[in-house]
Structures are given as C-alpha cells and as structure tokens.
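A.B. asks: One structure, as structure tokens, below. Some questions next.
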Amino acid sequence: MSPRQGLPIASPAFETEALASLDSLYRAALRLTRRPADAEDLVQETYLKAFRAADRFEPGTNLRAWLFTILHNTARNRARDRARDTVAIDSEIVDRAADEPPPGGRSAGAAETPESLLLRETLAPELQAAIDALPEAFRQAVWLRDVEEFTYAEIAEMLSIPVGTVMSRISRGRHMLFDRLSHLRSVNA
Numbered sequence: 138m139s140p141r142q143g144l145p146i147a148s149p150a151f152e153t154e155a156l157a158s159l160d161s162l163y164r165a166a167l168r169l170t171r172r173p174a175d176a177e178d179l180v181q182e183t184y185l186k187a188f189r190a191a192d193r194f195e196p197g198t199n200l201r202a203w204l205f206t207i208l209h210n211t212a213r214n215r216a217r218d219r220a221r222d223t224v225a226i227d228s229e230i231v232d233r234a235a236d237e238p239p240p241g242g243r244s245a246g247a248a249e250t251p252e253s254l255l256l257r258e259t260l261a262p263e264l265q266a267a268i269d270a271l272p273e274a275f276r277q278a279v280w281l282r283d284v285e286e287f288t289y290a291e292i293a294e295m296l297s298i299p300v301g302t303v304m305s306r307i308s309r310g311r312h313m314l315f316d317r318l319s320h321l322r323s324v325n326a
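The following block contains the structure:
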C-alpha cells in the first residue's frame with residue numbers, strides 16, 4: 138500500500154514479526170470480546186493502528202507487547218464508547234426470546250472458527266469454564282501472564298495499571314481459579 142493511501146510502508150521485518158502474533162492477538166481479543174466476529178474486528182483494528190504507526194515503533198523493543206498494548210487500549214476504548222450508547226430494551230421481547238430454543242434446535246451453537254475449536258481442545262472444559270467465569274480484570278491478567286507469558290511489566294503497560302495491581306490481580310485470579318476447580322472436583326467426586 139502506498140503512503141498516499143494513508144498507511145506508511147512498514148519494513149518487511151516489522152510486517153513479518155507483527156503478523157507472527159496474529160493467532161495470539163486473536164485469542165486475546167476473543168477473551169476480551171467473547172464473540173468471534175468482534176474479536177476479528179478488534180484484531181483488524183489493532184493491525185491497522187499498528188501499521189499506521191509502524192514508523193514510530195522502536196526496533197529492538199518487544200513488538201508483540203506493543204501490539205497487545207494497542208489491542209487492549211482499542212478494546213478499552215470500544216467498551217467505553219459502547220457504554221455511552223443508550224439502548225432501548227423491550228423486556229417482553231427479551232422474555233419471549235429467552236423461552237424459545239435457539240434457531241436450528243438446542244444443539245445449534247455459535248459459528249465455530251478454527252481458533253475457537255483449538256482453544257476448546259487446548260484447555261480442559263473445567264478450566265475453560267473456570268477462566269471464563271473470572272471477572273474480566275482478573276481474567277485478562279491471568280490470561281496474559283499464564284497463557285501469553287508476558288512479564289508483569291508488559292502486562293502493566295498493556296492494561297495501563299501499576300505492576301503491583303497486575304501482581305494482585307494475577308494472584309487473586311489464580312486463587313479464584315483454584316477455588317472454582319477444587320469445588321468442581323469435590324462435586325464430581
């Protein structure tokens with residue numbers, strides 16, 4: 138793409154390294170949005186912002202962490218913008234929809250993507266449910282540390298919070314996971 142179309146030309150090394158993070162960015166976006174289409178949009182917007190700012194990226198620094206920072210900031214901005222939107226809800230329609238089976242019967246689910254299938258197969262169902270049940274702040278911190286393997290400092294920068302808060306959220310999130318999984322094992326035993 139030429140600079141006249143709005144995007145500066147990124148170096149081939151930048152492009153290669155940035156695109157190598159596509160799968161992990163999508164997984165993080167899916168964790169944040171919980172909807173494949175929204176996750177795809179979030180990743181696309183992240184890459185658009187990254188490539189527009191490619192000339193401001195400092196070579197030799199952690200490009201993956203920079204991309205995750207853009208992703209989290211974009212998700213946070215989207216959530217803030219959505220919170221401003223007012224929505225009128227007809228409670229009768231909501232109640233009727235809750236009583237009806239999903240289109241195609243009870244077995245029909247959301248469209249499966251290769252990424253969602255991989256995630257489901259990678260994590261045990263109990264662990265997946267326990268992670269999904271965590272409050273978002275704890276889920277983000279635990280996921281970024283334990284799955285994506287970012288440092289506490291990188292997570293703090295991505296989420297725009299102090300390192301101590303990151304450590305606290307990870308610790309509390311892990312305890313919540315442990316408690317939930319322990320409870321599930323005792324119920325299933």
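Numbering (the numbering used here), first residue to last: 138 to 326.
Idealized CB from N, CA, C, for every residue including glycine.
Can you name the start and end residues of the alpha helix (DSSP H) that Ser-161 belongs to?
C.D. replies: Per DSSP, Ser-161 belongs to the alpha helix (DSSP H) from 159-170.
A.B. asks: Is it the case that the region 262-281 contacts the region 152-162, given that we only count it when at least three CB pairs across the two stretches are under 8 Å?
C.D. replies: No, the region 152-162 is not in contact with the region 262-281.
A.B. asks: On the CB-based measure, 16 or more other CB atoms within 10 Å of its CB, does Ala-266 come out buried or exposed?
C.D. replies: Its Cβ having fewer than 16 others within 10 Å, Ala-266 is exposed.
A.B. asks: Taking only the alpha-carbon atoms, compute the straight-line gap between Leu-271 and Met-313 and give it to the nearest angstrom.
C.D. replies: About 7 Å.
A.B. asks: Starting from Glu-294 and walking both ways along the alpha helix (DSSP H), at which residues does that stretch end?
C.D. replies: Element bounds for Glu-294: 289-296.
A.B. asks: Looking at C-alpha atoms only, which residue of Asn-199, Glu-195, Ala-190, Asp-178 is the closest neighbour of Glu-331?
C.D. replies: There is no way to answer for residue 331, as the model of the chain reaches only from 138 to 326.
A.B. asks: Is Pro-262 helix, strand or coil by DSSP?
C.D. replies: Residue state, collapsed to three classes: helix.
A.B. asks: Please classify Arg-168: is it buried, with 16 or more other beta-carbons within 10 angstroms of its beta-carbon, or exposed?
C.D. replies: The residue is buried, with at least 16 neighbouring Cβ atoms inside 10 Å.
A.B. asks: Buried or exposed: which applies to Phe-315, given that a residue is buried once 16 or more other Cβ atoms fall within 10 Å of its Cβ?
C.D. replies: So Phe-315 counts as exposed.
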